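Student:
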Amino acid sequence: MSVPETIEQPRRRLPPFLDHFNARELKIFFRCWVAVWVACILTFIQPVLSNFGAATFFASMVVFILPPSGVLFVYILGAVSLFIGICLAWAWGVITLKAALAIRPDAETQALLVSLQQAAGAEAQATGASASTIAQRLVFDGWMLDARITVIIYCMLCVFIYLLSRLRAANPKTALTSLFGIIITDIFLCYGPVLPSFNGTLPLSLVKPAAAGIGIGFACAILFFPRSTSNIILEGIEDVIELLKAPLQFSFAASSKGLREEDAKYLEKCQARVIAGYQKLEPSFAFLPLDFHIGPWGADTVKALQDPIRQLVVAILALSDFHRSSIKGDIQRNRLRERVLDTREGSPDEAKTKEVGAHQRAQLAELVNVLHEENYPIPEEVARQLRGTGLNGIEACLEGLTVIKESVEFIGRQHWYHKSTPAKHEQAYQRILTVLENLRESRTVFLRDMTEGLTDAYGPVLENLAADSHQPGNLSGIIVCMNFQEHMVTALDKTEALLAEVSNHFTSASRTRVWFPTSLKYAFAWAVGKNSKAPAMAAGETDNPDKAQVDEATKAAQEKKEPLLGARRGYRPRARHPVGKAILGIYHWFTSDEGLYALRMVIVTIAVSIPAVLPSTAGFFYRERGLWGLIMGQTCLLVYMADFTFSVLSRVAGTIGGGLLGLVAWYIGSGDGAGNPYGLSAICAAMLVIFLWVRLYLPPNLLQGGIIAAATFLLTVAYSYVDTHIPSYGNPGVGYTVFWRRLLLVLIGIGAATIVQISPHPPSAARHISRTLSRSLRTLSDHYALLLSCWTHPQADGRAIAEPIWMQLAEVLHMLQDPISNLRFEFSSSRFDSTSLGEVRRICHMINNTLARLLVASAALPQKYRDRLALMTGMLDHRCIGEVMAVVGLCEQALRTGDAPPEILPTPLVRRALEYGRSHHKGYLLSSEMITDEDYRRYCVALAAYIRFLGSVDELVLVIKGVLGEAHLVADDLANQV
1 MSVPETIEQP RRRLPPFLDH FNARELKIFF RCWVAVWVAC ILTFIQPVLS
51 NFGAATFFAS MVVFILPPSG VLFVYILGAV SLFIGICLAW AWGVITLKAA
101 LAIRPDAETQ ALLVSLQQAA GAEAQATGAS ASTIAQRLVF DGWMLDARIT
151 VIIYCMLCVF IYLLSRLRAA NPKTALTSLF GIIITDIFLC YGPVLPSFNG
201 TLPLSLVKPA AAGIGIGFAC AILFFPRSTS NIILEGIEDV IELLKAPLQF
251 SFAASSKGLR EEDAKYLEKC QARVIAGYQK LEPSFAFLPL DFHIGPWGAD
301 TVKALQDPIR QLVVAILALS DFHRSSIKGD IQRNRLRERV LDTREGSPDE
351 AKTKEVGAHQ RAQLAELVNV LHEENYPIPE EVARQLRGTG LNGIEACLEG
401 LTVIKESVEF IGRQHWYHKS TPAKHEQAYQ RILTVLENLR ESRTVFLRDM
451 TEGLTDAYGP VLENLAADSH QPGNLSGIIV CMNFQEHMVT ALDKTEALLA
501 EVSNHFTSAS RTRVWFPTSL KYAFAWAVGK NSKAPAMAAG ETDNPDKAQV
551 DEATKAAQEK KEPLLGARRG YRPRARHPVG KAILGIYHWF TSDEGLYALR
601 MVIVTIAVSI PAVLPSTAGF FYRERGLWGL IMGQTCLLVY MADFTFSVLS
651 RVAGTIGGGL LGLVAWYIGS GDGAGNPYGL SAICAAMLVI FLWVRLYLPP
701 NLLQGGIIAA ATFLLTVAYS YVDTHIPSYG NPGVGYTVFW RRLLLVLIGI
751 GAATIVQISP HPPSAARHIS RTLSRSLRTL SDHYALLLSC WTHPQADGRA
801 IAEPIWMQLA EVLHMLQDPI SNLRFEFSSS RFDSTSLGEV RRICHMINNT
851 LARLLVASAA LPQKYRDRLA LMTGMLDHRC IGEVMAVVGL CEQALRTGDA
901 PPEILPTPLV RRALEYGRSH HKGYLLSSEM ITDEDYRRYC VALAAYIRFL
951 GSVDELVLVI KGVLGEAHLV ADDLANQV
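In UniProt numbering, the protein residues as written are 1 to 978.
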């Protein structure tokens with residue numbers, strides 16, 4: 001097997017936004033494009049336009065919001081949630097309208113109607129216009145307005161808007177329900193008070209186009225390249241496998257090329273992409289029981305791949321994280337050694353320069369310098385041999401990943417209309433068996449060569465240390481090498497396990513079958529469960545992890561710990577009185593982030609819609625289509641200020657861009673005429689490609705701007721066509737007139753939302769993210785307690801415990817990436833900014849990874865090695881445990897409150913752990929025979945993971961002190977004695 005000399009970073013030919021030119025994604029794009037184009041041309045079909053009305057373009061807007069880009073059943077769930085919001089709002093609006101109109105006596109209503117007819121008749125005689133048209137105008141000018149009716153409508157509908165807003169803020173899956181429910185409610189709110197009589201079909205002008213758009217999307221999802229859940233999972237596995245290659249290729253090359261911080265950053269980006277890909281894949285497995293599929297593999301077979309692919313992701317991420325941590329650790333150690341040298345060579349004044357965290361950094365620098373002086377480096381020829389051995393293992397692993405991807409792709413291509421020949425099937429199967437055997441052989445060769453290299457490098461050193469146990473020595477090099485060896489072996493094992501699982505089911509893939517759904521239970525569980533995830537449907541919003549999502553990981557750790565302890569430990573103070581508890585609960589319910597967001601939604605609704613129910617401005621509101629300004633103000637509001645600011649910028653940009661393209665489309669398709677349906681259909685077919693590409697492939701935090709751009713484009717073209725084909729009272733005009741009025745409505749809605757968002761106190765996203773990270777640290781503390789419990793209960797299945805809670809918290813931390821980057825757009829009084837919170841998030845990732853590895857080691861290590869690790873590091877010593885818990889607790893409190901931590905803390909924890917080991921042990925515990933011991937390799941991994949865990953906590957303290965400073969300072973001479 002050839003060994004590549006170098007493995008370079010892959011170079012993208014196109015930016016991620018444009019890098020989607022492959023057969024699979026182009027098929028999805030074509031299906032969505034057909035749906036949105038067919039929905040768009042409904043506006044240019046005169047019978048449909050006459051029946052649906054001026055809002056016929058709403059059909060294509062619905063398709064933009066909910067494109068048929070995924071599984072049919074998931075699309076149906078999205079459509080159902082959309083229509084639940086419409087039906088609830090419609091029903092509540094009808095009840096509200098009935099109740100409000102009942103307050104006015106019939107005699108008074110009839111008198112107003114008679115006066116309306118008389119006024120319309122008199123004006124008709126004077127002007128020669130139609131009396132019915134004049135009566136309609138007078139109605140929308142507020143002739144029938146009654147303060148009593150208006151108050152009842154506003155009270156009842158604003159309560160409904162408040163509840164829908166809370167629902168949306170609390171559960172992201174209800175975004176469509178809330179959005180369309182509020183839109184339908186707005187129709188009753190703005191036009192209900194001016195109606196002369198009850199009209200229960202008021203929302204039909206939007207419901208008909210919405211239903212048409214959903215139906216068109218449903219038809220396209222069936223007719224054009226239909227995809228089942230099994231297809232999406234197999235395609236997702238292909239994507240995850242491809243993403244796993246990048247960190248695997250680059251990890252060893254980065255460590256062999258030298259210490260470069262950009263290499264660590266690249267590996268971190270690779271890990272983020274892998275987590276994002278797996279996060280996108282994982283929810284689809286739960287929808288397999290609902291799957292209708294035609295193919296070789298059924299839901300049970302595809303489900304069998306879930307556990308192996310998760311273990312493979314964990315193994316390769318652990319290998320990548322090992323290299324990334326090694327690079328960053330070496331960089332930090334070099335900086336600390338330079339600090340020691342500068343202090344020794346500098347002037348006394350420079351040595352006494354005070355900085356935040358100086359005490360901790362000085363102790364770390366001293367420790368690093370001592371360890372460096374005791375270090376035994378690996379000879380260059382041995383290092384070259386080990387590097388070649390590692391590259392051989394990586395190449396075998398890459399070959400296995402390639403065959404897994406090819407095999408899954410081969411299965412995914414088998415349909416009733418396309419089947420491979422038995423010869424090709426047998427050829428693919430034989431390739432799987434060949435590579436599977438090669439993986440097993442490569443694992444054996446890698447272990448043998450790596451062990452021989454380590455024995456040659458460290459055998460003499462270990463003999464000298466065994467002869468003289470008092471001789472100082474730092475064998476961190478062998479620990480690092482054996483760490484890499486164990487991580488590489490695990491990656492080979494998990495690659496082999498996944499390939500073996502594919503091989504077991506590959507022989508049954510020679511026949512294509514029809515697979516029917518086996519269970520419908522998950523549909524209801526997904527709908528009512530807040531934490532039940534599903535493949536992304538349409539919301540176009542990033543979901544910020546909230547308290548419930550973070551606490552779910554804590555709950556998982558508690559549930560795992562309870563069987564180990566026999567009962568849940570913990571002591572609670574005396575319970576609060578039920579009355580006081582209820583009062584506090586109600587207060588917190590109204591003043592929580594969700595409650596304040598819903599209250600702001602009600603305020604902006606009243607502020608923007610009030611001109612619609614005033615006699616002097618009702619006609620103006622109707623003529624200028626103020627309803628869209630109200631909808632813009634409502635949808636612009638977000639829970640936190642950073643997201644709101646970014647949303648405002650993207651909406652303004654989207655409105656201008658979409659409006660300009662709408663003008664281009666209108667004047668190209670119409671010229672100076674009244675609008676040619678064929679020309680407009682043709683130019684819209686081309687323009688919609690741009691907007692749909694933006695909708696499907698833009699990053700999630702930019703999707704709102706993309707949808708607003710598409711909506712503005714459709715409004716500009718559709719209202720211009722409506723004005724020339726079904727003219728009615730209040731039409732906004734043609735071309736440029738529509739555009740500037742739309743832009744003005746957007747600015748009015750944004751202005752109202754901005755005033756409400758920042759008054760009286762803008763909701764800070766920085767504080768929210770700080771609290772979320774604080775809760776993440778609390779969760780990690782519970783995971784640490786779970787580790788200590790598992791360490792003394794070896795019968796627990798550490799891997800089964802570690803993987804789910806590790807992945808759960810890793811996904812939560814990954815979801816914080818976009819909200820943290822959006823903090824650049826926020827004006828906040830919080831001391832934490834985007835950079836510092838990004839560092840805290842990265843360290844939490846590191847702590848989560850190390851605790852997961854230690855949980856796995858708790859079940860894999862024999863008792864003697866668990867005892868040895870506890871003896872070498874003080875892992876089970878009550879004083880050491882208390883110090884770790886205290887430091888993590890102080891960091892958690894500092895993130896939550898913004899208070900500076902004390903200057904003197906029991907840090908660096910790494911130094912205390914090493915001092916504990918030296919004080920409780922005399923002599924070395926390593927011999928040349930242990931290099932060949934598989935259990936000792938796992939011990940080295942656990943030792944490095946625990947040291948890295950302590951080092952990450954130390955780094956977290958320095959990051960927080962760098963932001964908040966230090967409190968409770970003590971004299972320098974006393975600090976130096978600690």
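Here a beta-carbon is modelled for each residue, glycine too, at the ideal position from N, C-alpha and C.
These numbers were taken from a predicted model, which means no experiment stands behind them.
1) Do you know whose CA, among Y946, S508, L498, lies nearest A852's CA?
2) Exposed or buried, what is Y597 when buried is set at 16 or more other beta-carbons lying within 10 Å of its beta-carbon?
3) Classify W589 as buried or exposed, calling it buried when 16 or more other Cβ atoms lie within 10 Å of its own Cβ.
4) Quick one: what does DSSP say P902 is sitting in, helix, strand or coil?
5) Just to check my reading of the structure: D735 and S720 have Cβ atoms closer than 8 Å, yes? What is that Cβ distance to the nearest angstrom?
6) Between the alpha carbons of E350 and E966, how many angstroms are there, rounded?
7) Assign K424 to one of two classes, buried (16 or more other C-beta atoms within 10 Å of its C-beta) or exposed (fewer than that).
8) Where does T605 land, buried or exposed, given buried means 16+ other C-beta within 10 angstroms?
9) Would you say P727 and R742 are within 9 Å of each other, going by their C-beta atoms?
10) What residues in its chain sit with their C-beta under 6 Å from that of E811, if we drop five residues either side in the sequence?
11) Compare the C-alpha of R324 against each of A653, A286, P105, P247 and name the closest.
12) So, I843 versus S774, is the Cβ gap smaller than 9 Å?
13) Is it the case that the Cβ atoms of L176 and I65 are separated by a distance below 9 Å?
14) Where does L969 land, buried or exposed, given buried means 16+ other C-beta within 10 angstroms?
15) What does G295 pair with, by DSSP beta-bridge criteria?
16) In the structure shown, what three-state DSSP assignment does A967 receive?
17) Apply the 10 Å Cβ neighbour rule to G882 and answer buried if 16 or more other Cβ atoms are within range, or exposed otherwise.
18) Taking its Cβ as the centre, do 16 or more other Cβ atoms sit within 10 Å of R937, making it buried, or is it exposed?
19) From the DSSP output, in three-state form, read off A674 for me.
20) Quick one: which unbroken alpha helix (DSSP H) runs of 4-plus residues sit fully inside the stretch 33-108? Chain order, please.
21) Across the stretch 738-757 and the stretch 860-878, are there enough close Cβ pairs to call them in contact, namely three or more that are closer than 8 Å?
22) Can you tell which of T495, G412, V445, I479 has its C-alpha closest to the C-alpha of L436?
23) Given G874, which residues of its chain have a CB within under 8 Å of its CB, disregarding the five upstream and five downstream residues?
24) Need the endpoints of the alpha helix (DSSP H) that T772 sits in, please.
25) Can you tell me which of the three DSSP states G128 falls into?
26) Measuring only the C-alpha atoms, how far is A491 from C891?
27) Should C155 go down as buried or exposed, given a rule of 16 or more other Cβ atoms within 10 Å for buried?
28) In its own chain, which residues sit with a C-beta less than 6 Å from the C-beta of F739, not counting the 5 before and 5 after it?
29) Within this structure, are the beta carbons of C87 and L696 separated by less than 9 Å?
30) So does the stretch 777-797 actually touch the stretch 688-695, counting three or more Cβ pairs closer than 8 Å?
31) Mind checking K961: buried by the 16 CB within 10 Å criterion, or exposed?
32) From the DSSP output, in three-state form, read off G566 for me.
33) Please tell me whether P677 and L498 are closer than 9 Å, where the distance is taken between their beta carbons.
34) Tell me which same chain residues have a C-beta within less than 8 Å of the C-beta of E238, skipping the five on either side of it?
35) Identify, in the order they occur along the chain, each residue of the same chain with its Cβ nearer than 8 Å to the Cβ of L398, setting aside the five sequence neighbours on each side.
36) Should Q485 go down as buried or exposed, given a rule of 16 or more other Cβ atoms within 10 Å for buried?
Tutor: Let me lay it out:
1) For the purposes of this step, residue 852 is identified with residue 852 of the sequence shown, where counting begins at 1. Checked all of Y946, S508, L498; the closest Cα to A852 is Y946.
2) If you number the sequence shown from 1, residue 597 lands on position 597. It is buried - the Cβ of Y597 has at least 16 other Cβ atoms within 10 Å.
3) Along the sequence shown, one-based indexing puts residue 589 at 589. Counting Cβ neighbours within 10 Å, W589 comes out exposed, since fewer than 16 surround it.
4) Indexing the sequence shown from 1 puts residue 902 at position 902. DSSP places P902 in strand when its eight states are reduced to three.
5) Position 735 of the sequence shown, counting from 1, holds the residue named residue 735. Position 720 of the sequence shown, counting from 1, holds the residue named residue 720. Just to set this straight, residue 735 is Gly in the shown sequence, not Asp. Rounded, the Cβ-Cβ distance is 5 Å, consistent with contact.
6) Residue 350 sits at position 350 when you count from the first residue of the sequence shown. Residue 966 sits at position 966 when you count from the first residue of the sequence shown. With a pLDDT of 45 at E350, under the threshold of 50, the predicted position of this residue should be treated as unreliable, and no value is reported.
7) Residue numbering aside, residue 424 sits at position 424 when the sequence shown is read from its first letter. The residue in question, K424, is exposed, as its Cβ has fewer than 16 Cβ neighbours within 10 Å.
8) For the purposes of this step, residue 605 is identified with residue 605 of the sequence shown, where counting begins at 1. Result: buried.
9) Within the sequence shown, the letter at position 727 stands for residue 727. Within the sequence shown, the letter at position 742 stands for residue 742. Contact flag unset, no.
10) By 1-based counting over the sequence shown, the position of residue 811 is 811. So the list reads Q279, once near-sequence residues are dropped.
11) Locating residue 324 in the sequence shown gives position 324, counting from the first residue. Cα-wise, what sits closest to R324 is P247.
12) For the purposes of this step, residue 843 is identified with residue 843 of the sequence shown, where counting begins at 1. For the purposes of this step, residue 774 is identified with residue 774 of the sequence shown, where counting begins at 1. For I843 and S774, no; Cβs fall outside 9 Å.
13) Working through the sequence shown from its first residue, we reach residue 176 at position 176. Working through the sequence shown from its first residue, we reach residue 65 at position 65. For L176 and I65, yes; Cβs fall inside 9 Å.
14) The residue labelled residue 969 in the question sits at position 969 within the sequence shown. Exposed, since its Cβ has fewer than 16 Cβ neighbours within 10 Å.
15) Locating residue 295 in the sequence shown gives position 295, counting from the first residue. Its beta-bridge partners are R513.
16) Within the sequence shown, numbered from 1, the residue matching residue 967 stands at position 967. In this structure, A967 counts as strand in the three-state DSSP scheme.
17) Within the sequence shown, residue 882 is the residue found at index 882, counting from 1. Classification for G882: exposed.
18) Here the question's residue 937 lines up with position 937 in the sequence shown. Buried is the call here.
19) Working through the sequence shown from its first residue, we reach residue 674 at position 674. Reduced to three states, the DSSP call for A674 is coil.
20) 46-52, 58-65, 72-101
21) no
22) Reading the sequence shown from its first residue, position 436 is the one you call residue 436. Cα-wise, what sits closest to L436 is T495.
23) Along the sequence shown, one-based indexing puts residue 874 at 874. So the qualifying residues of the chain are C880, R912, A913, Y916, G917, H920.
24) For this step, residue 772 is matched to residue 772 along the sequence shown. Where T772 is concerned, the enclosing alpha helix (DSSP H) stretches over 765-791.
25) As a working note, residue 128 is residue 128 in the sequence shown. Looking at G128 - three-state DSSP - the assignment turns out to be coil, as it is neither helix nor strand.
26) Here residue 491 refers to the residue found at position 491 when the sequence shown is read from its first residue. Here residue 891 refers to the residue found at position 891 when the sequence shown is read from its first residue. Between A491 and C891, the C-alpha separation is close to 34 Å.
27) One-based indexing of the sequence shown puts residue 155 at position 155. The residue in question, C155, is exposed, as its Cβ has fewer than 16 Cβ neighbours within 10 Å.
28) Here the question's residue 739 lines up with position 739 in the sequence shown. Counting only Cβ-Cβ distances below 6 Å, and skipping sequence neighbours, we find G659, L663, T716.
29) The residue labelled residue 87 in the question sits at position 87 within the sequence shown. The residue labelled residue 696 in the question sits at position 696 within the sequence shown. No, these two residues do not count as a Cβ contact at 9 Å.
30) no
31) In the sequence shown, counting from the first residue as 1, residue 961 sits at position 961. K961 comes out buried.
32) The count along the sequence shown starts at 1 and reaches residue 566 at position 566. Residue placement at G566 is flagged as unreliable, the pLDDT there being 43, under the threshold of 50; the coordinate-derived value follows with that caveat. Of the three classes helix, strand and coil, the one that applies to G566 here is coil, per DSSP.
33) Along the sequence shown, one-based indexing puts residue 677 at 677. Along the sequence shown, one-based indexing puts residue 498 at 498. No, Cβ-Cβ distance for P677 and L498 is not below 9 Å.
34) For the purposes of this step, residue 238 is identified with residue 238 of the sequence shown, where counting begins at 1. The residues are K405, V408, E409, G412.
35) On the sequence shown, position 398 is the one that residue 398 refers to. Excluding residues within five positions, the ones whose Cβ falls inside 8 Å are K245, L248, Q249.
36) Taking the sequence shown and counting its residues from 1, the one referred to as residue 485 is at position 485. Buried, by the Cβ-count rule.
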